[in-house]
Structure formats: C-alpha cells, structure tokens
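Q: The following block contains the structure, expressed as structure tokens.
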Amino acid sequence: MRRWIVFFLVFLAAWAGFRWLGGPPPADDQGDAPASVLRRGNGPEPESLDPHLARTDSAHTVVRDLFEGLTVLDAAARVQPGAAARWAVSDDGKTWTFELREDGRWSDGSPVTAADFLYAFRRLVDPSTASPYATFLDSVVNVRGAATGALPVTAIGVTALGDRTLEISLDAPTPHLPQLLAHPSASPVHRASLEAHGEQYARPGNLVSNGPFVLADWVVGSHVEARVNPYFREAPDLSAVRYLHIVDESSELQRFRAGELDMTYTIPIARYPWVRDNFPEALRVAPYLGVYFYGFNTTRPPLDDHRVRRALSLAVDRSLITEKITGIGEVPACGLVPPGTAGYAPASLGFCELPMEDRLERARTLLAQAGYGPDNPLELELRYNTGEFHQRLAVAIAGMWKERLGVETRLLNEEFRVLIANIREKDVTQVYRASWVGDYNDAATFLSILAADSQINGTGFSDPAYDGLLARAAREPEPERRQRLLRDAEALALESDVLLPLYFYVSKRLVSPAVVGYEDNIMNVHASRYLGFGEG
Amino acid sequence: MLRYTVLRLLGAVPTLFLLITLAFFLIRAAPGGPFDAEKALPPEIEANLRAAYHLDEPLPQQFARYVGNLARGDFGPSFQYRDYTVTELIATGLPVSLRLGLAAMLLAVIAGVGAGTIAAMRRNRPADHAVMAMAMTGISVPNFVLAPILILVFAVHLGWLPAGGLGSPAHLVLPVIALALPQVAWIARITRGSMTEVLSSDFIRAARAKGLSDGEVVLRHALRPAMIPVISYLGPATAAVLTGSVVVEEIFGLPGIGRYFVQGALNRDYTLVMGVVVFYGVVIIVLNFLVDLAYAALDPKVRY
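As given, the protein sequences belong to chains A and B, one line each in that order.
According to the numbering used here, the first sequence is numbered sequentially starting from 438.
According to the numbering used here, the second sequence is numbered sequentially starting from 24.
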C-alpha cells in the first residue's frame, strides 16, 4: 500500500514539476492565430528601443516600426513624407519648414505636434542623454555646440511655429536633409511618458509611439512583440510583428526550416550553396550599402610608403575573391562608395580594368623601387576580427601577396573590440580589416571616414585637399555640383591607396514566399508596415 | 551541524569578496571599452557616456562605489542594454536558466544512475555494453554538435518539437536533453563502477543470503553507498551544466543568463559581467555546501 502512495506522490511531484518547467503559458498561441503575425529574425538583442539610444541595426529595425519621423523610407527605401505632410526650403537652402499631418496620433490617442519633435531633437542633442547619434544632424545650427554642453539645448536651430509647423535652420545647405530625417534617431518622443517613467520609458506598456505599431512585449534574450497602433492613420496588413533575437545564424536557419520564422535576419555564409539550392524562392540577395576593405596605417612603416600600398592593392584579384571566397553575389570593389548610392557616380581605382599580368608587373616594380625583393621580402601584419569568414579572406589575400609578390604576411585575429581600439590608436596596426555601412543613402557618409578629424580614420590619412573638398560639398546647395565634389574627394582618396577596397556588401536573407510586400533595397530597410501575408 | 552551517556561511563572505575584487579589476584590464564600435562615437559623446556611467572616475573610487551599491542590492545599470538594470536582466533570465539547469541535472541523475545500475547488475552482458557505448558517445560528442543534430532530427525533419524559443514545456525538451546527455553518460559510468564495487561487498552478500530479491538488494541497500562518488561528481557536473548552458541557450535561443556571461564579456558590459560573476559565485558556494551536507546524509561515518 505504501508503495502505491509513494508512486502516486512521485507522479504528482513529476507532473507538477513538468508544469512548472514549461513556464507561464504563452500570451500568443501561434497555433490558433487567425490574426496575421509576422515572425522575423532580428539578429542580436537590441541595446535599447529608445530612439535616441538605439545604435545597432536590430534596434533600428524595431524603432522604425514603432515610430514615424518627419520623413520615412518606403519599401524601396525612397524618402517619403512621414509625420510631415509637406515641406519647403528657403532659397539659400538653410531654412526648412515642415508641415505636420493633421491626423498624426500617438498610441495613446494624443495628437503629434511640432512640440514633440522640438522636444525630441533637443533631447537627442542633450549631453545627459548620451545619445550615440547626438551630432547626426550636425548641419543644424548649434547642434555641435549643444552636444558638448557649451550651449544649452534650446539654442539648436529647431523651432516650433505653432502646433503643426516645424522650422529647422541649418549652418549650410543640406539637400539630403529629408533623407537624414528618416533615420530612427530623428523620431519624435512622447514627453509625458518619458517624464512619467524615466529610465523605464522604453518598456512594453510605457512606451508611447506614433508609428504603425506599439511595443507590446519584450522578453530580453528571446523576442520583442509589437501590435498594431490603433490610432495610426493606416491599418497595416499585419496584426502584430514578433522580432526574434536569434544570435546564432545556423540556429536561425533551422528555425526557418522548422516553420517557426517567416523571414530571417541573415544566412550563414558557409551554408549558402545549400540554401540557394534548397530554398530558391525564399532566398533574397540584393546590393547593400556597405563596403568591406583593408585599411593601411600610413603613420607607421612599411605602409607609410605609397609604393608599397599601391603594390599590395594591385596584386589583389578582387573578382577571384568575390567568386570563390564570398560567393553570394557581392560586387568587387574598386572604390569606396558603393554603386547605387543615391545620385552618385562612383570613382574607381584606375588599374582595376587592367589585365592582372600588367598589374603584377607594375606591383613588382614598385616593390623593388621601395627596396623589397627576394633577399629582402616585405613583412606585414594583417589584423582582423575573429571570425571564420574574415580568416578565410585574410588567408586568401595573404596567399595572393605571397605567391605574386613574395610578401610574408603574419595573420593576427583579435576580438572585435580589441581590434577597434587598436585601429583607433594606430600604435600597433599595419594592415587591418574594416568595413563601413552607410547610415543613410548618400556618398558623404562613406567619405567622412577618411576625414582627418574622423574618429574612425585608422589610416592616418590627413589631406587638406580632401578635407577641403568635403567641406565645400557640405556647403554646396546645388546637388549635382555637390556630387561632383564628393566624387573628386573619393578619387583623391583612392589615388593615395590608404585603403584597399575589397567588395561591396549584399544583404542576404530568407523570406518565406507567403510574405508579400518585401522589396530588395540598398539600405536593407524592410519596415513591417509594408509587409503582409498573401499568395506568394 | 548548526555550527558547521554558520561557519561555512561566514567563510563564504571573504570568498565572494575576493571573487568580486578579482573580477572587477580583471575585466577592466581587458583592452577595449564598453562603447567601442565600428561606428566610433565622436569624442564629446563618448565623454558624455563615460561620465554617465562614472567610468571617468579613478578605478578605486569606481570599485568603492560598486561595492557600496552591491551591499544595497543594486547591481547597477547594464552598459550594453541601456533600458535595463543588471538586476532586472538577471531576474528575468534566472528562472529560465534555473529550469533548464535543474531539469537537466535531474534527468542526468535519474537516467544516469538508472543506466549505470542496470549496467552494473547485468555486468558484461549486452545491456552493459549498450549502456557503456552510449556513455562513450555522450562523453565524446560536445553539446554544440549534439544540439543542432537534435534540432535537425526532431524539429526540422520530424516536426515533433520546436526548434527553439520558449513558450511551452515542449520547448524545453530538446535543450534539456542536449544539456543532460553528456552528464548522463558520465554519471552512468561512475554509477556502474561504484555499484559494481558495492555489489561485491560483504553486506550485500549477506542481504542476498537472507533471501532478498535483486530489486530490494539494489534499491534498499546498495544504492545509498553507491551514490557517494556520484555526489562527489555533482559539483563538477553542475559547473559543466552551468557553462554548457551558455551554448545550449544560444543554439536554442533561450533567454537565460548563460549568454550574459559571454556576451557581457565581449561587449565589455562591466556591470552585467560582474552581476553574473557574483551570481555564479553564490551558486557554486551554495552547491558545494549542499554537496557536503549530502555526504552527511548518505554516509553515517561523516558527521560535522
């Protein structure tokens, strides 16, 4: 008898344990969803959903769905009116006036006013906010001064002329201002909830937003869920969006295969051929506004010698790399600014079109002139951040240099943050791996990385002519003249060989054929409001 | 016993303090900072950020501030996840990791002891060989190989179980198995060895001579002494489960605290790493203490 009691108690304990094991019942059971919920992989955990603190792509993706700035990017990443219905610019290009829509509403029903934008821009610039994008709109009057605390935030060139008119004053004409204002950091902010909740402001239930969706749930390490904002002027096709933060790319692929995701964030490169063969309808590969390059630290030997840099660049067969090593459809890069950048005709390295034998002959001559040869081989250090792909690429390029030029390259992999710190300090780097992805669709964001005062300029490149061209472009109101100035700057930088561009990025992900409204675009921005389910 | 408990608990405090001090200074010694990223911040913004997090103060002052806050239960804000404090992150992640870890340990002990006992009782017969072969596989295959295979078979091809995430008991089945299997293997081996030894001892022969059945012999008499080496192993086993959970949590996308260890270090999220270090330190100290208590329960010769 006792045995049965014991068995029963054990069984009870096991059953209770099993129930406890499963955790709380899910709020949304996918099984019986007549509502359409888009489940999208969204990369690593966002560091914040506060528009002013969000810094990474994952965070920006969610912020773009929750908030609407003065302008927005449509499904093809073109600039469209957002919270602002129309705008006008003065003759000198320095004063912009935005008229807000009448039907703009926060998710608590209150109207979106010019004061909301004024408050947001001031908070963005305020040093106590410590926003990584505080000086993003640096052509606006006094933004730089306010960001350092030298001036009060009320001094910035943004004024609310009434409930629905916002005036922005610039130091220099910025024809692409609408493009900048579509960035998530230029979103409006709901003052009342920020003041009520303080640091807890960006939480489900507290976060009031003016975009098509509202933050409904955030389980750190698992997912974020956004539901439709009932006060937004157009009802999106979806009823909710679930962003899954799956860090491991292979795991994300498995979950897509198991039917738990409708679209992924990326594809593991090593599995690309298999994915291409097995999911041809779901595979979406498109040019992306980013460049992968090797930087040369020109402040230290041996790369202070221009001949050495030119020789190294001549010897790398970029087409071979994009065909054999990366192999997803990346474009070999002979310049810094990706083709397809709005309104821009890129410059190019002069020698890219020459046959490889001629290039190698030239390279060997240059190296000999620099004093290197078989009895005095050039010795180099190539640093890259730890990663199988970066390693493969480094090995291939080191191999090219060795085989074709007799260069001995030491490969060093470092943890990402260590590499970043070393690049910035310029004490130990020689050749280092780097990349740049544009914040907005304009050549200036790429060229700024080589400005002499840029924090990201690990090459030590400092050319007054280059900086002069960038400064003139920043003040040039006529778009075509501006693009020509930028192109001249790019040509100047390429001529000096301070970096070795390798390839331009592509965005790659799997999108289930059941999802409609997805358009490839160069910014890789796919706001959920344009997506839905339908006959694929 | 009471005296023993109090002494152990008091002894834990200097241990923890040493752990905190070492961790605090070591992580700050690593090159790279919490705000470094490819899109480097303009210097004035970085200065703002560092000031906001008191990183511009001298190190001893930062340390004193941290310990003072810790004494009040405040682990500080996360440097990386700016909307959350470390306390909140650990509080939300802990139940998940706890469930995962406890379930895995439970499964490991029950399945391991069971398998090892069967192997010992049927020594050198097919059942024994089967169990030991399984054990060898479990020990040799790392869980970051095992987990994707489990997902591929059970989630992708058979569709019986989810491939990741949380939401129902079914979501934890594969992660628990992935985490437990290597430990099942180890515990099975240890149990088999110690059970074999116990089964050949005099008092077992006496029990058999008295006419007790095999089941009674094993369950009522042999199991307790045979468990002593298993209990010793539970310390390292729990450590393995705790560290193994990092990989398993990442592969299955479970929001536990294992990832915070690695992600926190890579992100130089000083406060988060410190929080997890303190937490794990407490766990290990408590577990060691419980293991010692378990010895006393199992072995009458051990008394404190």
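All C-beta atoms, glycine included, are put in the ideal place defined by N, C-alpha and C.
Should residue 681 (chain A) and residue 663 (chain A) be called a contact, given that it needs their Cβ atoms to be closer than 9 Å?
A: On the first sequence, residue 681 (chain A) is found 244 positions in, with the first residue counted as 1. On the first sequence, residue 663 (chain A) is found 226 positions in, with the first residue counted as 1. Taking 9 Å as the Cβ cut-off, residue 681 (chain A) and residue 663 (chain A) do not qualify as a contacting pair.
Q: Could you tell me whether the Cβ of residue 238 (chain B) comes closer than 9 Å to any Cβ of chain A?
A: Reading the second sequence from its first residue, position 215 is the one you call residue 238 (chain B). No, no contact with chain A.
Q: Looking at the structure shown, is residue 272 (chain B) part of a helix, part of a strand, or coil, going by DSSP?
A: Here residue 272 (chain B) corresponds to residue number 249 of the second sequence, with the count starting at 1. Correct three-state label for residue 272 (chain B): helix.
Q: In the DSSP assignment, find the alpha helix (DSSP H) that holds residue 311 (chain B) and state where it starts and stops.
A: Position 288 of the second sequence, counted from the start, is the residue given in the question as residue 311 (chain B). Here the alpha helix (DSSP H) through residue 311 (chain B) covers 293 to 321.
Q: Between the Cα of residue 917 (chain A) and the Cα atoms of A:627, A:478, A:780, A:929, which residue gives the shortest distance?
A: Working through the first sequence from its first residue, we reach residue 917 (chain A) at position 480. Cα-wise, what sits closest to residue 917 (chain A) is A:780.
Q: Answer yes or no: does any C-beta atom of chain B fall closer than 9 Å to that of residue 627 (chain A)?
A: Position 190 of the first sequence, counted from the start, is the residue given in the question as residue 627 (chain A). For residue 627 (chain A), the answer is no, since every Cβ of chain B falls outside 9 Å of its Cβ.
Q: Who are the near neighbours of residue 468 (chain A) in its chain, counting only those whose CB is closer than 8 Å to its CB and skipping five residues on each side?
A: To locate residue 468 (chain A), count along the first sequence from 1; it is residue 31. With a pLDDT of 44 at residue 468 (chain A), under the threshold of 50, the modelled position of this residue cannot be trusted; read the value that follows with caution. Same-chain partners within the cutoff: there are none.
Q: In this structure, how does DSSP classify residue 533 (chain A) when only helix, strand and coil are distinguished?
A: Residue mapping note: residue 533 (chain A) aligns to position 96 of the first sequence, counting from 1. DSSP places residue 533 (chain A) in strand when its eight states are reduced to three.
Q: Kindly indicate which residue of B:115, B:57, B:300 has the alpha-carbon position closest to the one of residue 77 (chain B).
A: To locate residue 77 (chain B), count along the second sequence from 1; it is residue 54. The shortest C-alpha separation from residue 77 (chain B) is found at B:57.
Q: Could you tell me the alpha carbon to alpha carbon distance between residue 163 (chain B) and residue 542 (chain A), rounded to whole angstroms?
A: Within the second sequence, the letter at position 140 stands for residue 163 (chain B). Within the first sequence, the letter at position 105 stands for residue 542 (chain A). Answer to the nearest angstrom: the Cα atoms are 59 Å apart.
Q: Tell me, which residues are paired with residue 872 (chain A) by DSSP?
A: Mapped onto the first sequence, residue 872 (chain A) falls at position 435. Looking at the DSSP assignment, residue 872 (chain A) forms a beta bridge with A:729.
Q: Alpha carbons only, please: which of A:883, A:912, A:967, A:948 is nearest the one belonging to residue 941 (chain A)?
A: Residue 941 (chain A) sits at position 504 when you count from the first residue of the first sequence. The candidate whose alpha carbon is nearest that of residue 941 (chain A) is A:883.
Q: Touch check for the stretch 878 to 895 of chain A and the stretch 739 to 752 of chain A: three-plus C-beta pairs under 8 Å?
A: Touching, no, given that fewer than three Cβ pairs across the two stretches are closer than 8 Å.
Q: Which residues, taken in chain order from the stretch 865 to 881 of chain A, show a beta carbon closer than 9 Å to some beta carbon of chain B?
A: Those would be 871, 872, 873, 874, 876, in chain order.
Q: So residue 201 (chain B) packs on residue 169 (chain B), CB below 8 Å; how close in whole Å?
A: Stepping through the second sequence from its first residue, residue 201 (chain B) is reached at position 178. Stepping through the second sequence from its first residue, residue 169 (chain B) is reached at position 146. Indeed they touch by this definition, with Cβ atoms about 5 Å apart.
Q: Let's test the definition: count the other Cβ atoms within 10 Å of the Cβ of residue 98 (chain B) and tell me whether it reaches 16, buried, or not, exposed.
A: Counted from its first residue, the second sequence places residue 98 (chain B) at position 75. Label assigned to residue 98 (chain B): buried.
Q: For residue 474 (chain A), which option in A:963, A:678, A:804 has the closest C-alpha, if you only look at C-alpha atoms?
A: One-based indexing of the first sequence puts residue 474 (chain A) at position 37. Residue A:678 is the option with its Cα nearest to residue 474 (chain A).
Q: Does residue 945 (chain A) pass the burial test, meaning 16 or more other C-beta atoms within 10 Å, or should it be called exposed?
A: Counting from 1 along the first sequence, the entry for residue 945 (chain A) is found at position 508. Under this definition residue 945 (chain A) is a buried residue.
Q: So, with DSSP's three-state summary, where would you put residue 938 (chain A)?
A: Counting from 1 along the first sequence, the entry for residue 938 (chain A) is found at position 501. Looking at residue 938 (chain A) - three-state DSSP - the assignment turns out to be strand.
Q: By the DSSP assignment, the beta strand (DSSP E) with residue 95 (chain B) in it spans what residues?
A: By one-based count along the second sequence, residue 95 (chain B) stands at place 72. Neither: residue 95 (chain B) is in no beta strand (DSSP E) and is coded neither H nor E.
Q: Please specify which runs of the alpha helix (DSSP H), each continuous and at least 4 residues long, are wholly inside the stretch 888 to 938 of chain A, giving them in chain order.
A: Entirely contained in the stretch 888 to 938 of chain A, the alpha helix (DSSP H) runs reaching 4 residues are, in chain order, 901 to 912, 916 to 933.
Q: Are any of the Cβ atoms in chain B nearer than 9 Å to that of residue 913 (chain A)?
A: To locate residue 913 (chain A), count along the first sequence from 1; it is residue 476. Not an interface residue.
Q: Which chain A residues sit within Cβ distance under 9 Å of residue 185 (chain B)?
A: Locating residue 185 (chain B) in the second sequence gives position 162, counting from the first residue. Neighbours of residue 185 (chain B) on chain A, chain order: 692, 695, 697.
Q: Could you tell me whether any Cβ in chain B is nearer than 9 Å to the Cβ of residue 469 (chain A)?
A: Position 32 of the first sequence holds residue 469 (chain A). The pLDDT assigned to residue 469 (chain A) is 42, lower than 50, so where the model puts this residue is not dependable; a value taken from the coordinates is nonetheless given after this. For residue 469 (chain A), the answer is no, since every Cβ of chain B falls outside 9 Å of its Cβ.
Q: Could you tell me the boundaries of the beta strand (DSSP E) in which residue 660 (chain A) lies?
A: Sequence index remark: in the first sequence, residue 660 (chain A) carries index 223 (1-based). Residues 660 to 665.
Q: For residue 898 (chain A), which of A:954, A:886, A:764 has the nearest alpha-carbon?
A: Your numbering for residue 898 (chain A) matches position 461 in the first sequence. The option with the nearest alpha carbon to residue 898 (chain A) is A:886.
Q: List the residues of chain B that residue 619 (chain A) touches, going by C-beta distances under 7 Å, in chain order.
A: Start at 1 with the first residue of the first sequence, and residue 619 (chain A) comes out as number 182. By Cβ distance, chain B contributes nothing, its closest Cβ being about 18 Å from residue 619 (chain A), past 7 Å.
Q: Is any beta-carbon of chain B found at less than 9 Å from that of residue 442 (chain A)?
A: For the purposes of this step, residue 442 (chain A) is identified with residue 5 of the first sequence, where counting begins at 1. Not one chain B Cβ lies under 9 Å of residue 442 (chain A).
Q: Leaving aside the five residues before and after residue 894 (chain A) along the sequence, list all residues of the same chain whose C-beta is less than 8 Å from its C-beta, in chain order.
A: As a working mapping, residue 894 (chain A) is identified with position 457 in the first sequence. 886, 887, 888, listed in sequence order.
Q: Any beta carbon of chain B sitting closer than 9 Å to that of residue 897 (chain A)?
A: Stepping through the first sequence from its first residue, residue 897 (chain A) is reached at position 460. Not closer than 9 Å to any Cβ of chain B, the Cβ of residue 897 (chain A) fails to qualify, so no.
Q: On the premise that residue 510 (chain A) lies in contact with residue 968 (chain A), defined as a C-beta separation below 8 Å, what is that separation, rounded to the nearest angstrom?
A: Here the question's residue 968 (chain A) lines up with position 531 in the first sequence. Here the question's residue 510 (chain A) lines up with position 73 in the first sequence. Between residue 510 (chain A) and residue 968 (chain A) the Cβ distance is about 14 Å, and since that is not below 8 Å, they are no contact.
Q: Within its chain, find whatever has a CB closer than 7 Å to the CB of residue 963 (chain A); leave out the 5 residues flanking it on each side and keep chain order.
A: As a first step, residue 963 (chain A) must be located in the first sequence, where it is residue number 526. Excluding sequence neighbours, residue 963 (chain A) sits near 955.
Q: First and last residue of the alpha helix (DSSP H) that includes residue 69 (chain B)?
A: On the second sequence, residue 69 (chain B) is found 46 positions in, with the first residue counted as 1. Note, residue 69 (chain B): alpha helix (DSSP H), 66 to 75.
Q: DSSP three-state call for residue 688 (chain A): helix, strand or coil?
A: Position 251 of the first sequence holds residue 688 (chain A). Looking at residue 688 (chain A) - three-state DSSP - the assignment turns out to be helix.
Q: I think residue 506 (chain A) touches residue 624 (chain A), with their Cβ atoms under 8 Å apart; what is that distance to the nearest whole Å?
A: For this step, residue 506 (chain A) is matched to residue 69 along the first sequence. For this step, residue 624 (chain A) is matched to residue 187 along the first sequence. Contact holds; Cβ gap of about 5 Å.
Q: At least one CB of chain A closer than 9 Å to the CB of residue 329 (chain B): is that the case?
A: There is simply no residue 329 (chain B) to check, as chain B begins at 24 and stops at 327 in what is shown.
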